[in-house]
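In the working numbering, the protein residues as written are 1167 to 1683.
The beta carbon of each residue, even a glycine, is placed where N, CA and C say it ideally should be.
Owing to the predicted nature of the structure, the values given are computational and were not obtained by experimental measurement.
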């Protein structure tokens, strides 16, 4: 068969400077090539092409099947335009039209309603469904059901390494290569869609063997000179009982092969230990995202998460080992109080974790999650709305605090996001080249003054809401917003001066859109 896999333009209204590889369709590309099929992979972000040209390029390949990777509902308009362009160019040669990815898996009813009826929707993992479609095709079957629910790959070591058509671009721009050492998550958070995926596919967390993961790292290092890697795993270390052993194996395998690399991971607090932290740091861990979320055990119980009382000690241990820590935090949630928000924000600031994202984050119910289903059933979430939906804040002062905070911090969003996403690749590079140290110092200086402005804004507004001064708080929010506009202008100049953004004007335009809508 001849396949085209496409990642469309995601028309998110929010500024996000981070471009990651389309790892999902790169895996599917490799799987089909293993079977002798011909594959064309197109990515709107890397190609910097119009939807019309992407559609025509797809048609010129004379495909038997065209598949779209859809992350959110913001992909829909782009998919429709590429589909129309491709269909017009193909004329009477109608291929199989497929769509998969997180949006299809979690919101397939919405997808079925908004995509053309000729599309087959592929939920969950795609390797097995595409195998079955290819077998049908070779048997002369030229149709597919409207919905296919794929089973999860059990032995991930059996998957070929993903095709890397954008490796040269990644290397040229100094970006980290994406890696997937596991699929699934051990957690059962009520606000997350992962538990529903696990139930539907009958597979929980699955890890590739450590030697297999390091085989891919070594291959990328030899072929492309790659030294910086970003693990996209939801749950890097896996089950708590084997997490320390996996970290030790990873360090030993990296050292046995003489690899000098830097990498980023996402971990659950429960999978950490002092030994695991030391082993990962020795292997090259430079950046870790930890889901802290709250500092109140009662919140964790309601959210379906185990409480890890020593989590701040693990944060300290990571930082002592030279690892940059970023936190998942949800200070604003249905049970939040101003007292709890102050306590948690103070702890975050003490550990250098209070920033634009952690200060503002509000709990959303992800489509497919337990809290999303409950909210729809109870009538406070909209069943026809796509994407995550914010859960209502129970305390009126908390609600007003979040509203004022959003307005006051809006100018700092794009420069803060741009700066923080620039840091992991630099930290990885620092292990290989001391010349990177100066640039990292410059970047950290920018991040520090932006984070300081976030903290000043946060606690100034909190002070007014704690004494029930909503009118005064609104005026203070406007004053702080004006100050933050001035600081965001300084950040634009500094980021451009040191080469972290192509143009200060591009970043100013993002600020204008985010702050003014």
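Find the nearest neighbour of residue 1168 within the set 1466, 1197 and 1174, judged by alpha-carbon distance.
Comparing alpha carbon positions, the residue from 1466, 1197 and 1174 closest to residue 1168 is 1197.
Taking all protein chains shown into account, decide if residue 1492 is buried (16 or more other Cβ within 10 angstroms of its Cβ) or exposed.
Buried is the call here.
By DSSP, does residue 1280 sit in helix, in strand, or in coil?
Reduced to three states, the DSSP call for residue 1280 is helix.
State the beta-bridge partners of residue 1556 as determined by DSSP.
In the DSSP output, where bridge partners are listed per residue, residue 1556 has 1530.
So, with DSSP's three-state summary, where would you put residue 1252?
Per DSSP, reduced to three states, the secondary structure at residue 1252 is helical.
Unbroken alpha helix (DSSP H) run spanning residue 1588, endpoints
Per DSSP, the unbroken alpha helix (DSSP H) holding residue 1588 starts and ends at 1579 to 1596.
Ignoring anything shorter than 3 residues, give me the beta strand (DSSP E) runs that lie fully in the segment 1338 to 1362, in order along the chain.
The DSSP assignment places complete beta strand (DSSP E) segments of no fewer than 3 residues inside the segment 1338 to 1362 at 1343 to 1345, in order along the chain.
Roughly how far, in whole angstroms, is the beta-carbon of residue 1455 from the beta-carbon of residue 1432, given that I think they are within contact range, below 8 Å?
Contact flag correct, Cβ pair sits at about 4 Å.
Extent of the continuous alpha helix (DSSP H) to which residue 1204 belongs
For residue 1204, there is no enclosing alpha helix (DSSP H); the enclosing beta strand (DSSP E) covers residues 1204 to 1209.
What did DSSP end up calling residue 1430 once you bin it into helix, strand or coil?
Secondary structure of residue 1430 (DSSP, three-state): strand.
Sub-8 Å separation of residue 1524 and residue 1564 beta-carbons:
Contact flag unset, no.
Are the beta-carbon atoms of residue 1557 and residue 1497 separated by less than 8 Å?
Cβ atoms of residue 1557 and residue 1497: not closer than 8 Å.
Among 1192, 1592 and 1676, the one whose alpha carbon lies nearest that of residue 1292
That would be 1192, whose Cα lies nearest to the Cα of residue 1292.
Nonlocal neighbours in the same chain, by C-beta distance under 6 Å from residue 1507, ignoring five residues either side:
Counting only Cβ-Cβ distances below 6 Å, and skipping sequence neighbours, we find 1497.
Would you identify the three-state DSSP class for residue 1317, choosing helix, strand or coil?
DSSP places residue 1317 in the coil class of the three-state scheme, outside both helix and strand.
Pair within 8 Å by beta-carbon distance, residue 1477 and residue 1423:
Taking 8 Å as the Cβ cut-off, residue 1477 and residue 1423 do not qualify as a contacting pair.
What are the partner residues of residue 1490, as DSSP defines its beta bridges?
1453.
Count the C-beta pairs between the segment 1579 to 1594 and the segment 1530 to 1546 that are closer than 8 Å, then say yes if the count reaches three, no if not.
Short answer: they don't touch.
Go ahead and label residue 1607 buried or exposed: buried means 16 or more other beta carbons lie within 10 angstroms of its beta carbon, across all protein chains shown.
Here residue 1607 is exposed, its C-beta having fewer than 16 other C-beta atoms within 10 Å.
What are the partner residues of residue 1373, as DSSP defines its beta bridges?
Beta-bridge pairing links residue 1373 to 1348.
Keeping to the same chain, check which residues put their C-beta closer than 6 Å to that of residue 1225; ignore five residues upstream and five downstream.
Cβ within range, chain order: 1252, 1255 and 1256.
Going by other Cβ atoms of all chains shown within 10 Å of its Cβ, with 16 needed for buried, is residue 1259 buried or exposed?
Residue 1259 is exposed by the Cβ-count criterion.
Distance CB(residue 1396)-CB(residue 1345) smaller than 8 Å:
Yes. Within cutoff.
In angstroms, rounded to a whole number, what distance separates the CA positions of residue 1325 and residue 1588?
Spanning the two alpha carbons is a distance of roughly 31 Å.
According to DSSP, simplified to helix, strand and coil, what is residue 1330?
Looking at residue 1330 - three-state DSSP - the assignment turns out to be coil, as it is neither helix nor strand.
Taking the C-alpha atoms as reference points, what is the distance between residue 1435 and residue 1451?
One C-alpha to the other measures close to 16 Å.
Go ahead and pull the three-state DSSP assignment for residue 1335.
DSSP, reduced to helix, strand and coil, places residue 1335 within a helical segment of the structure shown.
Going by beta carbon distance, what residues of the same chain come within less than 8 Å of residue 1594, once the five residues before and after it are set aside?
Setting aside the 5 residues that flank it on each side, residue 1594 is surrounded in the same chain by 1342, 1393, 1394, 1395, 1427, 1428, 1429, 1430, 1450, 1452 and 1453, each with a C-beta closer than 8 Å to its C-beta; the list follows chain order.
Own chain partners of residue 1176 with C-beta closer than 7 Å, once the 5 adjacent residues on each side are dropped
Taken in chain order, the residues that qualify are 1237, 1238, 1240 and 1241.
Residue span of the alpha helix (DSSP H) that contains residue 1269, given as start and end
Residues 1268 to 1272.
When DSSP labels each residue in this structure, what does residue 1214 get in the three-state scheme?
Coil, per DSSP.
Closer than 8 Å by C-beta to residue 1420: which residues in its own chain qualify, once you throw out the five before and the five after it? Chain order, please.
Apart from sequence neighbours up to five positions away, the residues of its chain that approach residue 1420 with a beta-carbon distance below 8 Å are 1380, 1383, 1427, 1449 and 1450, ordered along the chain.
Which word fits residue 1351, buried or exposed, when buried means at least 16 other C-beta atoms lie within 10 angstroms of its C-beta?
Buried, by the Cβ-count rule.
In DSSP terms, what residue 1235 is bridged to:
DSSP, once it has assigned bridges, lists 1266 as partnering residue 1235.
Please say whether residue 1235 and residue 1202 have beta carbons closer to each other than 8 Å?
Cβ distance not < 8 Å, so residue 1202 and residue 1235 don't count as in contact.
Take every Cβ of the segment 1650 to 1657, pair it with every Cβ of the segment 1606 to 1626, and state whether three or more of those distances are shorter than 8 Å.
Enough Cβ pairs lie closer than 8 Å, so yes.
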